[in-house]
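See below for the structure under consideration.
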Amino acid sequence: MASPETIAIVGAGYTGALLAVQLLRRTPARVLLIERRSVFGLGLAYGTGCPAHLLNVRSGRMSAFPDDASHFVRWLQDNRPELADPDGFAPRMVYGEYVRATLDAQEAASPGRFERVSGEVTAIDADGQGVQLKLADGRRLSADRCVLALGNAPPDPAGAAGLTPGASDRFINDPWAPGALATVKPADEVLLIGSGLTMIDVALALDAQGWLGRALALSRRGLLPRPHDATQSHAQPWPPVDASLSQRAKAFRARARTIGWGEAMDEIRPFNQALWRAADSSERRRFLRHLRPWWDVHRHRTATEIGARIQAMIEARTLSVGAGRVVKAETRPAGVWIDWRPRGATETRHDRFDRVINCTGPLSDLNRSPDPLHRDLLDRGVARIDRERLGLDVDAGLRVIDGEGRAHRRLYAVGPITRGEAWEIIAVPEIRGQVAELAERFARG
Ligand SMILES: Cc1cc2nc3c(=O)[nH]c(=O)nc-3n(C[C@H](O)[C@H](O)[C@H](O)COP(=O)(O)OP(=O)(O)OC[C@H]3O[C@@H](n4cnc5c(N)ncnc54)[C@H](O)[C@@H]3O)c2cc1C
Numbered sequence: 223m224a225s226p227e228t229i230a231i232v233g234a235g236y237t238g239a240l241l242a243v244q245l246l247r248r249t250p251a252r253v254l255l256i257e258r259r260s261v262f263g264l265g266l267a268y269g270t271g272c273p274a275h276l277l278n279v280r281s282g283r284m285s286a287f288p289d290d291a292s293h294f295v296r297w298l299q300d301n302r303p304e305l306a307d308p309d310g311f312a313p314r315m316v317y318g319e320y321v322r323a324t325l326d327a328q329e330a331a332s333p334g335r336f337e338r339v340s341g342e343v344t345a346i347d348a349d350g351q352g353v354q355l356k357l358a359d360g361r362r363l364s365a366d367r368c369v370l371a372l373g374n375a376p377p378d379p380a381g382a383a384g385l386t387p388g389a390s391d392r393f394i395n396d397p398w399a400p401g402a403l404a405t406v407k408p409a410d411e412v413l414l415i416g417s418g419l420t421m422i423d424v425a426l427a428l429d430a431q432g433w434l435g436r437a438l439a440l441s442r443r444g445l446l447p448r449p450h451d452a453t454q455s456h457a458q459p460w461p462p463v464d465a466s467l468s469q470r471a472k473a474f475r476a477r478a479r480t481i482g483w484g485e486a487m488d489e490i491r492p493f494n495q496a497l498w499r500a501a502d503s504s505e506r507r508r509f510l511r512h513l514r515p516w517w518d519v520h521r522h523r524t525a526t527e528i529g530a531r532i533q534a535m536i537e538a539r540t541l542s543v544g545a546g547r548v549v550k551a552e553t554r555p556a557g558v559w560i561d562w563r564p565r566g567a568t569e570t571r572h573d574r575f576d577r578v579i580n581c582t583g584p585l586s587d588l589n590r591s592p593d594p595l596h597r598d599l600l601d602r603g604v605a606r607i608d609r610e611r612l613g614l615d616v617d618a619g620l621r622v623i624d625g626e627g628r629a630h631r632r633l634y635a636v637g638p639i640t641r642g643e644a645w646e647i648i649a650v651p652e653i654r655g656q657v658a659e660l661a662e663r664f665a666r667g
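Using this note's numbering, the first residue of the sequence shown is number 223, and each one after it goes up by one.
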């Protein structure tokens, strides 16, 4: 009898950890889960140490399993009963505990089939025989198939107008790096570049560490993510309109005027992947260029209480939000001097800050990524980026497309890095479905 295949997963954030669980449940395969951070199952989102960072999806929708909707709430009842409200927003670090516990439980139920490998994969070769992985410390691993669950790349420093990551502790390019915000002093004047969810995370983390200074959050349009309504949404899905992008946008706006943006977003969410896949490249580009800023702030909402906390910071003038663009930045011993142009203005403003923090969120155009594995895969044509430059190019079966346009037979990708294929694939409710489907496909052969 042929021995079971070995499947390597690169990246053990939420996506990689859940894929491991699903593969162990649904296939006889031996699973290698490879992670460069010290902890498996947390990744970027759930590795936060800040209790003020809450989930932005209600607990009742955060089960790790698409076919067991109350799994997370039951785990809360058993482990954190004070948080077990399905309509509530639990701390992200508690959700991380849940993902780790889910992985640990599956490992215990799969003796001899699961191996955690600590290390960074820097190169991958995949051919008809198998997949070879090279690690930064020189180790080599082999597998029959490999899945890339590389997740969110650190922010792109481009928006910071020439400030160089690592050149001075006055510029913090990756606010998620462990200890990144520790150098911010209580009275520091801070420029936050970006006004989305990352900015909110950083503002809350500064607030929680006793910072008492002032911050300006600057983005092209100065739009803030909307908070969830205080009441739970019970929206009924409506079918997608078979129409052009602009007709659909018009119908959506009309719907939002009737039932509110939050409800309208919840209604359309189950159709987002189908709408994206049906759109041609020019429609996708028009959506990204013209609608995305509004899409992002309405689609990626914050927990109700976080919205209230941010509003309180704005009213206390601790935080202000501006629309504009950094034109020039210069680091001097006494601070960072920023020239920035308010939206619609011809004059440039000249302001001094103690710190500048890049809050533009994960980098999406991997051509700009310095990550060794991204560079290896793209430079050697093992993979290519998708047409909209949202991540890696994959086919409908999540097989990675190489530089010549051919789909690999043994190399796959999952999670936010497949955004070009699905668009709506960055949050738990969609990722859990994607990894379950891929595991099911592997189980079929
Ligand atoms: C700040 C934040 C908050 C979020 N909050 C929510 C929320 O409340 N609700 C929700 O539904 N969704 C939320 N999301 C979205 C979603 O849950 C995450 O994007 C999701 O966790 C993605 O997980 P991932 O494993 O794909 O990526 P990541 O979390 O980025 O994990 C990828 C992992 O791969 C590892 N890795 C990468 N390259 C290599 C390599 N070469 N070798 C070895 N290891 C490697 C990394 O170290 C990392 O641990 C949030 C996202 C972010 C960024």
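For every residue, glycine included, the Cβ atom is placed at its ideal position computed from N, Cα and C.
Exposed unless 16 or more other CB atoms sit within 10 angstroms - verdict on residue i
{"i": "Pro379", "result": "buried"}
{"i": "Pro656", "result": "Checking the sequence, you will find Gln at residue 656 rather than Pro. Counting Cβ neighbours within 10 Å, Gln656 comes out buried, since at least 16 surround it."}
{"i": "Leu434", "result": "exposed"}
{"i": "Val616", "result": "buried"}
{"i": "Gln328", "result": "buried"}
{"i": "Asn278", "result": "buried"}
{"i": "Gly583", "result": "buried"}
{"i": "Asp601", "result": "exposed"}
{"i": "Asn589", "result": "exposed"}
{"i": "His630", "result": "buried"}
{"i": "Asp349", "result": "exposed"}
{"i": "Ser225", "result": "exposed"}
Between the CA atoms of residue j and residue i - distance to the nearest angstrom
{"i": "Met315", "j": "Ala286", "result": "15 Å"}
{"i": "Ile490", "j": "Ala389", "result": "44 Å"}
{"i": "Thr237", "j": "Gly318", "result": "12 Å"}
{"i": "Val549", "j": "Arg571", "result": "9 Å"}
{"i": "Pro585", "j": "Arg252", "result": "In the sequence as presented, Pro is not what sits at residue 585; that position holds Leu. Roughly 32 Å between the two C-alpha positions."}
{"i": "Ile532", "j": "Asp587", "result": "30 Å"}
{"i": "Asp451", "j": "Gly484", "result": "7 Å"}
{"i": "Ala551", "j": "Leu445", "result": "23 Å"}
{"i": "Val295", "j": "Leu264", "result": "18 Å"}
{"i": "Ile607", "j": "Ala538", "result": "44 Å"}
{"i": "Leu372", "j": "Gly233", "result": "5 Å"}
{"i": "Ala306", "j": "Leu276", "result": "14 Å"}
{"i": "Ala239", "j": "Leu440", "result": "35 Å"}
{"i": "Ala399", "j": "His596", "result": "19 Å"}
Residues near residue i in its chain [Cβ-Cβ closer than 7 Å; skip 5 each side]
{"i": "Thr324", "result": "Val243, Ala286"}
{"i": "Gly352", "result": "Ser364, Ala365, Asp366, Arg632"}
{"i": "Arg547", "result": "Arg442, Trp562, Arg563"}
{"i": "Arg302", "result": "Val316"}
{"i": "Ile648", "result": "Pro638, Arg641"}
Backbone secondary structure at residue i - three-state DSSP
{"i": "Ser340", "result": "strand"}
{"i": "Asp587", "result": "coil"}
{"i": "Ser542", "result": "strand"}
{"i": "Trp562", "result": "strand"}
{"i": "Lys550", "result": "strand"}
{"i": "Phe474", "result": "helix"}
{"i": "Gln351", "result": "coil"}
{"i": "Glu569", "result": "coil"}
{"i": "Arg663", "result": "helix"}
{"i": "Ile490", "result": "helix"}
{"i": "Phe509", "result": "helix"}
{"i": "Ile639", "result": "helix"}
{"i": "Val243", "result": "helix"}
{"i": "Arg602", "result": "coil"}
Same chain, Cβ closer than 8 Å to residue i, five either side skipped, listed in chain order
{"i": "Ala665", "result": "Arg248, Thr249"}
{"i": "Asp573", "result": "Leu413, Leu438, Trp559, Ile560, Trp562"}
Identified DSSP bridge partners for residue i
{"i": "Arg621", "result": "Tyr634"}
{"i": "Phe262", "result": "Paired residue(s): none; Phe262 is not in a bridge."}
{"i": "Thr228", "result": "Arg252"}
{"i": "Pro313", "result": "Leu276"}
{"i": "Ser441", "result": "Ala545"}
{"i": "Pro449", "result": "Thr524"}
{"i": "Glu257", "result": "Ser340"}
{"i": "Asn580", "result": "Ile415"}
Cβ neighbours of residue i in the same chain (closer than 6 Å, five flanking residues each side left out)
{"i": "Asp347", "result": "Gln354"}
{"i": "Thr420", "result": "Cys581, Gly583"}
{"i": "Glu337", "result": "Leu254"}
{"i": "Glu646", "result": "Asn494, Gln495, Glu652"}
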